[in-house]
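Residue numbers (the working numbering): 3 to 92. Written below as structure tokens is the structure these notes are about.
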């Protein structure tokens with residue numbers, strides 16, 4: 003069974019695109035998180051998904067094993083619009 007969010011395009015707002023660079027996530031990670039992670043309600047009528055990725059690298063002068071990508075998005079007629087992206091390292 004195909005879920006509606008498996009086929010809708012995922013679009014990044016300008017802010018979300020900028021945040022990818024500053025927070026260390028990739029567009030591919032955001033897409034994978036939305037397509038494969040469970041959706042949960044977020045603030046202001048938005049949705050969020052979370053996914054952990056193996057990292058085992060240095061971020062801001064410290065080594066982390068895991069990176070969690072957490073996009074905040076809305077589902078609209080033309081696609082899934084990512085409003086911002088949070089990234090956590092641990």
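In this text, a Cβ means the ideal position worked out from N, Cα and C, and glycines have one as well.
Using a Cβ-Cβ cutoff of less than 8 Å, which residues in the same chain neighbour residue 22 once the five nearest sequence positions on both sides are dropped? Contacts found: 14, 28, 29, 32 and 87.
Which residues mark the beginning and the end of the beta strand (DSSP E) in which residue 67 is found? Its beta strand (DSSP E) spans residues 64 to 78.
On the premise that residue 65 lies in contact with residue 53, defined as a C-beta separation below 8 Å, what is that separation, rounded to the nearest angstrom? Between residue 53 and residue 65 the beta-carbon gap is near 20 Å, outside 8 Å, which marks them as no contact.
Enclosing alpha helix (DSSP H) for residue 92 [first to last residue]: Per DSSP, residue 92 lies in no alpha helix (DSSP H) and is assigned neither H nor E.
Between 77, 16 and 59, which has its C-alpha nearest residue 47's C-alpha? Here the closest residue by C-alpha is 77.
Counting along the chain, where does the alpha helix (DSSP H) carrying residue 59 start and finish? Note, residue 59: premise wrong, no alpha helix (DSSP H); beta strand (DSSP E) at 53 to 61.
Could you pull the DSSP bridge partners for residue 22 from this structure? BP columns for residue 22 are empty, so no partner.
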